[in-house]
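Participant: Protein chains in written order, with the working numbering: chain P, 1 to 109; chain R, 110 to 224. For glycine and all other residues, C-beta sits at the position ideal for the given N, C-alpha and C. Okay, handing you the structure first.
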C-alpha cells in the first residue's frame with residue numbers, strides 16, 4: 001500500500017523559514033508534490049518533484065530524495081497568509097495520487 | 110481554475126438514501142478524480158477515471174460507485190448513504206507539465222452531511 005508521514009502542526013513567526021518534511025512508502029513512484037489548502041478552500045498546487053534535488057518557485061522550494069523516500073517543502077520569508085495546511089502527495093502507479101494527512105502551519109506575528 | 114465545477118455544493122441527506130455528486134470540467138481533460146477529506150486523514154482517493162467509461166478504484170472505494178459516460182462529467186454515487194460518508198468531497202483533474210510534472214487542480218468541493 002501507500003503511506004505518507006508528515007508532521008501534524010508547525011508554528012513559525014513571520015519572516016522566518018520553515019521546513020515541512022514528508023516521508024513516504026509506495027510502489028510505482030513517479031513523483032512527489034505539495035499542495036496548500038486554506039480553511040474552507042480547495043487544495044492548490046505548489047510544486048512537483050520527479051527527480052532528486054531542489055525545485056524553487058519564488059518563496060517556496062521543494063526537495064526530493066528518491067533513495068531515502070523523503071522530501072520537504074521549504075517556505076521562506078513567511079507571511080501571515082501562509083497560514084494554511086500543507087499536503088505532500090505521491091504520484092504512483094502511473095496517475096494515482098496519495099496524500100499525506102497534512103501539516104497545519106501557524107504563522108505568528 | 111481549470112474549469113472544474115461541482116454540484117451540489119452542499120447536501121444534507123438521510124441514512125440509506127442514494128446520493129449522486131457531479132463533477133463537470135470544460136477543457137476535455139482525460140484524468141478525473143474523486144477524493145474525500147476528513148479531519149486527520151487528508152485527502153483520500155475514492156475512484157478515478159482515465160477516459161470515458163474507464164475507471165479504477167482508489168483507497169476508499171467501498172460504498173461508492175462512479176460513472177463517466179462523457180469526457181466532461183464524472184459522477185460519484187453513494188448507493189445507500191451512511192453517516193460514515195459524511196465528508197467533504199473534492200473532484201480533481203490532472204494535467205501534465207514540463208519535466209514529467211503532473212499537477213492536480215481541484216474543484217470547490219461538496220459538503221455532504223448524512224443524518
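When you compare each of P/49, P/8, P/39 and P/7 to residue 92 of chain P by their alpha carbons, which one comes out closest?
Facilitator: Against the first chain, residue 92 of chain P aligns to sequence position 92. Answer by Cα proximity: P/49.
Participant: Use the C-beta contact count for residue 59 of chain P: other C-beta atoms within 10 angstroms, 16 or more gives buried, fewer gives exposed.
Facilitator: Stepping through the first chain from its first residue, residue 59 of chain P is reached at position 59. Residue 59 of chain P should be labelled exposed.
Participant: Which first and last residues belong to the beta strand (DSSP E) in which residue 57 of chain P is found?
Facilitator: In the first chain, residue 57 of chain P corresponds to position 57, counting from 1. 53-57 is the span of the beta strand (DSSP E), which, as asked, contains residue 57 of chain P.
Participant: Can you pull the chain R neighbours of residue 95 of chain P, defined as C-beta to C-beta under 8 Å?
Facilitator: On the first chain, position 95 is the one that residue 95 of chain P refers to. Those within 8 Å of residue 95 of chain P in chain R are 140, 157, 159, 203 and 211.
Participant: Near residue 89 of chain P, which residues of its chain fall below 8 Å by C-beta distance, leaving aside the five closest residues on each side in sequence?
Facilitator: Translated into the one-based positions of the first chain, residue 89 of chain P becomes position 89. Only 4, 32, 33, 34, 35, 97, 98, 99 and 100 meet the Cβ criterion.
Participant: Between residue 99 of chain P and chain A, is any beta-carbon pair separated by less than 8 Å?
Facilitator: Of the protein chains in the structure, P and R, none is chain A.
Participant: Candidates R/178, R/113, R/186 and R/205: which alpha carbon is nearest residue 155 of chain R's?
Facilitator: Residue numbering aside, residue 155 of chain R sits at position 46 when the second chain is read from its first letter. Here the closest residue by C-alpha is R/186.
Participant: For residue 173 of chain R, which beta-bridge partners are listed by DSSP?
Facilitator: One-based indexing of the second chain puts residue 173 of chain R at position 64. Residue 173 of chain R is bridged to R/187.
Participant: Give a yes or no on whether the C-beta atoms belonging to residue 95 of chain P and residue 168 of chain R are separated by under 8 Å.
Facilitator: Your numbering for residue 95 of chain P matches position 95 in the first chain. Your numbering for residue 168 of chain R matches position 59 in the second chain. No.
Participant: Hey, how far is the Cα of residue 118 of chain R from the Cα of residue 131 of chain R?
Facilitator: Within the second chain, residue 118 of chain R is the residue found at index 9, counting from 1. Within the second chain, residue 131 of chain R is the residue found at index 22, counting from 1. So the two alpha carbons sit approximately 10 Å from each other.
Participant: Does DSSP classify residue 116 of chain R as helix, strand or coil?
Facilitator: Along the second chain, one-based indexing puts residue 116 of chain R at 7. Here residue 116 of chain R sits in strand by DSSP.
Participant: From which residue to which residue does the beta strand (DSSP E) around residue 203 of chain R run?
Facilitator: Taking the first residue of the second chain as 1, we reach residue 203 of chain R at position 94. Where residue 203 of chain R is concerned, the enclosing beta strand (DSSP E) stretches over 196-205.
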